[in-house]
Amino acid sequence: MNEIRKKIRSLFDKGEIDVMLGFREDPSTGEVKAAVFKKDDDLNGFVYDDRCVQNLVNYLPTLTARYKRIGIMLKGCDGRSLVTQLVEHRINKNQIVALSAACDGVKVRGEEVEKCADCAVSVSPIADHVFGEPKEKKDPVYARVREIEKMTPAERWKFFSDYFAKCERCYACRQICPSCYCEICIADQQEPKWIEPSAKLSANTMWHLIRAYHLAGRCADCGECERVCPQDIPMRLLNNALEKAVHEMFKVRPGTVPDELPPLVVLSKDDPDTIMEGKDE
Amino acid sequence: MQIEKEPKILAILCKWCSYAGADLAGTSRFKYPANVRIVQVPCSGRVDPIMIFRAFVEGYDGVMVSGCHPGDCHYGTGNYHARRRLAVARRLLEFVGVHSDRMHFTWISAAEGKKFADDCSRFTEQLKGLAGTEKTLAREEIAT
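If you read the protein sequences in the order shown, they are chains C and E. Counting in my numbering, the first sequence runs from 35 upward without gaps. Counting in my numbering, the second sequence runs from 1341 upward without gaps.
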């Protein structure tokens, strides 16, 4: 950790960054929260360990509008998130100095987070400074998705409708997601009104389907949507199902390769018709 | 006496090929079931999967989407985009519990009136085969 602090100090001294986006420990409660460090701040408050769950990339568009150059501390999954944002030209790479340290999984209240079991990247795919030894890459297995795929359609619908019915439509999942940034969200749009605003099963189903679909081929699986959900709706399950589908069909895993365009933005004349006819299964 | 319930099908057809194909089926007097309700869109690339989601939520038993054959798109590449989108939408719907037989995504050219009529008949039969299974995604009762 001292190595990282030293690096940040030298970046400040050389004038390479104006602010540093990282995590700070609250000494009274021992909680770790996202924080912006400025040049004169005490860097001893800067922490980076397995309590740093939050995806900081979500703060970047606001910060890049305010400061010239920003340092950011990235876990592997946050790095994927950053790649997706750079590909969509939401942030300018020239403004970012990315620091990444090999991540060994994060914990919420002492419990290992579920997404870490399926982690594809232990350090960020793009980083200016890397600390520690990256773990060997392994392909995600999507165990939870495979379990659902074994069920019959009626069982699957029972499983999902029970969760969808609980949704309060607080849109916390949308607000926390770095990739959800439409100026007018389709759920807020009044004309045409595709999705009713009231929290009932039919409208909730529409919301969760369209949320998952709009993130297909873009979601970097940071898992923030599920973490912030007050009703514990397994939204990562939908994201993962589409991530798996997109990888099977188009051989793309969002965020793992810098400068790779999202698969639903580009087209290929060589896709087989069987992918849409659903006959290959 | 048991009255057999007729399935309701939404067909989203592109203006240049598939809608013209459906038109040809009509002018050629090919018989096809009256279960199909047609919506015309300018191009299969216009088909937003939200239309398909909404159709199922509103209670349609099956959704059919058709456009020009690959290479024949009036706008060049609309159907290539549609192919990817429909593929992803199908996987998502299947994952949350819509039976894969409830979706029929295909290409029908303006000359294939017969194919349109045949596809409609086959799709209707296919949905009748699902009659006993639960209709998923459908809207809850209005009275609450």
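Even glycine gets a Cβ: it sits at the ideal position worked out from N, Cα and C. All of these numbers come straight from a predicted model, not from anything done at the bench.
{"Query": "Beta carbon of C:Tyr82 nearer than 7 Å to that of C:Met107", "Result": "yes"}
{"Query": "Partners in chain E for C:Gly257, counting only beta-carbon separations shorter than 7 Å", "Result": "Going along chain E, no residue has its Cβ under 7 Å from C:Gly257, so there is no contact; the nearest lies around 18 Å."}
{"Query": "At least 3 beta-carbon pairs within less than 8 Å: the stretch 1417-1426 of chain E vs the stretch 289-308 of chain C", "Result": "yes"}
{"Query": "Contact check, C:Val131 vs C:Glu50, beta carbons under 7 Å", "Result": "yes"}
{"Query": "C:Ala206 versus E:Ile1448: straight-line alpha-carbon distance, rounded", "Result": "42 Å"}
{"Query": "Closest residue to C:Glu277 among E:Phe1435, E:Cys1357, E:Leu1353 and E:Phe1463 (Cα-Cα distance)", "Result": "E:Phe1435"}
{"Query": "Pairwise C-alpha distance: C:Thr308 and C:Ser236", "Result": "30 Å"}
{"Query": "Within chain C, partners of E:Leu1432 - CB distance below 9 Å", "Result": "Leu243, Ala246, Tyr247, Ala250, Leu272, Ala275, Leu276 and Ala279"}
{"Query": "Whole-number beta carbon distance between C:Val66 and C:Arg43, since they are thought to touch under 8 Å", "Result": "So it is not a contact: roughly 20 Å between Cβ atoms."}
{"Query": "Residue-level contact to chain C via CB, E:Glu1481, 7 Å cutoff", "Result": "Interpretation of E:Glu1481 is limited by its pLDDT of 47, a score under 50 that renders its predicted location unreliable; the figure taken from the coordinates is listed afterwards. It does not: the Cβ of E:Glu1481 has no partner Cβ on chain C nearer than 7 Å."}
{"Query": "Rounded separation between C:Asp305 and C:Glu282 - CA only", "Result": "12 Å"}
{"Query": "Rounded straight-line distance, which links the Cα of E:Cys1460 to that of E:Gly1472", "Result": "20 Å"}
{"Query": "Assigned secondary structure, C:Phe165 (DSSP; H/G/I helix, E/B strand, else coil)", "Result": "strand"}
{"Query": "Reduced DSSP category for C:Trp191 - H, G, I as helix; E, B as strand; rest coil", "Result": "helix"}
{"Query": "C:Met35 classed as buried or exposed, judged by whether at least 16 other C-beta atoms fall within 10 angstroms", "Result": "exposed"}
{"Query": "E:Phe1435 at chain C interface by Cβ criterion, 7 Å", "Result": "yes"}
{"Query": "Under 7 Å from the C-beta of E:Leu1426: neighbouring residues of chain C", "Result": "Met310"}
{"Query": "Validate contact between the stretch 1349-1365 of chain E and the stretch 1452-1466 of chain E using beta carbons, cut 8 Å, 3 pairs", "Result": "yes"}
{"Query": "For C:Lys172 and C:Asp255, believed in contact at Cβ under 8 Å, the rounded distance", "Result": "Incorrect: roughly 14 Å between the Cβ atoms, too far for contact."}
{"Query": "E:Thr1464 at chain C interface by Cβ criterion, 7 Å", "Result": "no"}
{"Query": "Residue(s) in a DSSP beta bridge with C:Val66", "Result": "C:Glu59"}
{"Query": "Among C:Gly105, C:Gln224, C:Cys214 and C:Asp76, nearest to C:Gln119 - alpha-carbon criterion", "Result": "C:Cys214"}
{"Query": "Residues near C:Asn92 in its chain [Cβ-Cβ closer than 6 Å; skip 5 each side]", "Result": "Pro212"}
{"Query": "Straight-line Cα distance separating C:Arg270 from C:Glu183", "Result": "15 Å"}
{"Query": "Closer than 7 Å to chain E by CB, C:Phe194", "Result": "yes"}
{"Query": "C:Ile71, DSSP secondary structure in three states", "Result": "Note that residue 71 of chain C corresponds to Phe in the displayed sequence, not to Ile. C:Phe71 falls in the strand class under three-state DSSP."}
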